[in-house]
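The structure under discussion appears below in the form of structure tokens.
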Amino acid sequence: MKALKNYKFWFATGSQDLYGDECLSKVAEHSRIIVEELNKSGLLPYEVVLKPTLITNELIRKTFNEANADEDCAGVITWMHTFSPAKSWILGLQEYRKPLLHLHTQFNQEIPYDTIDMDFMNENQSAHGDREFGHIVTRMGIERKIVVGHWSDEKVVASIASWMRTAVGVIESSHIRVMRVADNMRNVAVTDGDKVEAQIKFGWEVDAYPVNEIAQAVEAVSAADTNALVEEYYDKYEILLEGRDATEFRRHVAVQAQIELGFERFLEEKNYHAIVTHFGDLGSLKQLPGLAIQRLMEKGYGFGGEGDWKTAAMVRLMKIMTAGMKDAKGTSFMEDYTYNFVPGKEGILQAHMLEVCPSISEGPIAIKVNPLSMGDREDPARLVFTSKTGPAVATSLIDLGNRFRLIINEVDCKKVEKPMPKLPVATAFWTPKPNLAVGAQAWILAGGAHHTAFSYDLSAEQMGDWAEAMGIEAVYIDANTNIRDFKKDLMLGNIYYR
Ligand code: MN
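Put into structure tokens, the structure is as follows:
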């Protein structure tokens, strides 16, 4: 995907001058070592940058404002090494507008039983100083993440890494631009919503283009460029003719190659990162973009079917949050299609008409050309595959009229029992947590859509933290969900977000 900024996170240590210069030089030394070790861990997706120890109102305010202004800074990590009177932080925190992580740690892991004296106690008192800092952040009602534990603990570093990805999602959210090709599918409720409010809340720009404007960009792609891409497809994917004429098949595939190039050029030229299409409004496009959209999603573009701009933006957001992740398993647009209700084997078969991202595939990927059975265009070429197994999250962002709600469901992805040779689309199969009956009931009670933004590489916690940072409601459906408590969660949300 298109490279993101080279984001960095600032490390700001709080202290005061009550204990003298010697103590302050140790504070600075400890912070320097922690920052160096965090960067050396190899576990953080972004670099941590040490800032001078903060001991005065003026310096705190200046540092937070510099963080606001620095385009590469995606957040600040604070730690009160000693005691830092929290009134000193009020002005800086008031003016700070980026994600905040409160790292509640201390330099030493173990109490030095044999040597500990009052000097040591005064110098190493984050258990005390971090509570003072936490109090003012809570009193001021500022969203922050708190991570507790020794800085050398891999679990602590993993929590920082996970928060960094959420923070970049928060920062990058305001740069997401969604291109709508035509409008929403007529009469469909859940895929629609308030675009102005989405821009206020999330920073998303959602713009519509007449379908023939983008179709012209497709027609402008040369035969030579198209054929080169078709060659690439034929090298990379299995070709499943299934009785179709090879020349006619290739011609159908070429239509998608031309769409991929035309769409990509149009998106790049106009600086959009996500796209929606609608099978019922294709203008002069010869096929519903299938294979083309699948490849664009793999390159990092967000997508939503039938005009679903909210899901398109969420897919893009989740691709940003997982950018550069080692051994990533994939992120895609997805749709709940059909159930398996056999006891012990319950689950939901996931697919779309065509548009599932190949990043989630496992095993071979094949190209098929099949009728769409919807709309009035020629049979579109599409990539067909099955998906990886393991835990994942499925999310749905809905507009309730007076607010947005993000529904986050932990799901367990599985292999289907048998191949489905007559199904010409890419699929996944999952059992929602805590089980199909409760998971689907909770999802429907919450008003969740049939479309989801899905990822193997993000946690419910990360998605919930993102929602919190955006000031919207998040509800979780996971192993602990029961319907009685879940209804209370929804009732609380109705009061709180009124
Ligand atoms: Mn759909």
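All residue numbers for the sequence shown refer to the working numbering, where the first residue is 46 and numbers rise by one. All C-beta atoms in this analysis are idealised placements derived from N, C-alpha and C, irrespective of residue type, glycine included.
Here the residues close to the ligand MN, judged by CB distance below 6 Å to any of its heavy atoms, are G350, E351, E380, H397, H496 in chain order.
Straight-line spacing of the CA atoms in A131 and V251 works out to 41 Å.
I338 and Q303 have their C-alpha atoms spaced approximately 11 Å apart.
Its Cα nearest to that of L95, the residue E74 stands out among E74, L88, L89. Cβ neighbours of E380 within its own chain (closer than 8 Å, five residues either side excluded): G350, Q395, A396, H397, H495, H496, T497. DSSP assignment within the stretch 388 to 442 yields no whole alpha helix (DSSP H) run of 4 residues or more. At a Cβ-Cβ threshold of 9 Å, T476 and K459 count as neighbours. In terms of CA proximity to I410, F430 leads the group F430, E423, D424, T356. A check of alpha carbon separations from V193 across M185, S129, G179, G186 identifies G179 as the nearest.
Rounded to whole angstroms, the gap between the alpha carbons of L63 and T101 is 12 Å. With 16 or more other Cβ atoms from the protein chains shown falling within 10 Å of its own Cβ, I259 counts as buried. When DSSP assignments are scanned along the stretch 101 to 125, the uninterrupted stretches of beta strand (DSSP E) that are 3 or more residues long and fall wholly within it turn out to be 118 to 125.
Here N447 is exposed, its C-beta having fewer than 16 other C-beta atoms within 10 Å. Under the three-state reduction of DSSP, H323 is assigned to coil, being neither helix nor strand. Bridge partners of A273 according to DSSP: none are assigned. With respect to the 9 Å criterion, I365 and G238 are not classified as neighbours on the basis of their beta carbons. Within the stretch 50 to 80, the complete beta strand (DSSP E) runs of at least 3 residues fall at 53 to 59. Going by beta carbons, I412 and V520 fall outside the 9 Å limit. With 16 or more other CB atoms across the displayed protein chains lying within 10 angstroms of its CB, H297 is buried.
Between L306 and F294 a beta carbon distance of about 19 Å is seen, past the 8 Å cut, so the two are scored as non-contacting. Secondary structure note for E455: its beta strand (DSSP E) is the uninterrupted segment 449 to 458. Boundaries of the beta strand (DSSP E) around S500: 496 to 500. Leaving aside the five residues that flank A512 on each side, the residues in its chain whose CB is nearer than 6 Å to its CB run, in chain order, L451, A519. In this structure, M125 sits near S60, with a CB-CB distance shorter than 9 Å. In the three-state scheme derived from DSSP, where H, G and I count as helix and E and B as strand, Y278 is classed as helix.
Cβ contact annotation for L146 (same chain, cutoff 6 Å, sequence separation greater than five): I122, K190, W208, in chain order.
One Cα belongs to V275, the other to G137, and the distance between them is close to 56 Å. With a threshold of 16 other beta carbon atoms within 10 Å, H173 falls short and is exposed.
V456 places its beta carbon less than 9 Å from that of A437. The closest CA to that of T292, considering only E155, V414, W488, is found on V414. I221 has its alpha-carbon roughly 29 Å from the corresponding atom of M185. Taking C-beta atoms as the reference points, I161 and S133 fail to come closer than 9 Å. Within the stretch 234 to 321, the complete beta strand (DSSP E) segments at least 3 residues long are 250 to 254, 319 to 321, listed from N- to C-terminus. Between H323 and G288, the C-beta gap is not smaller than 9 Å, which leaves the two residues out of contact.
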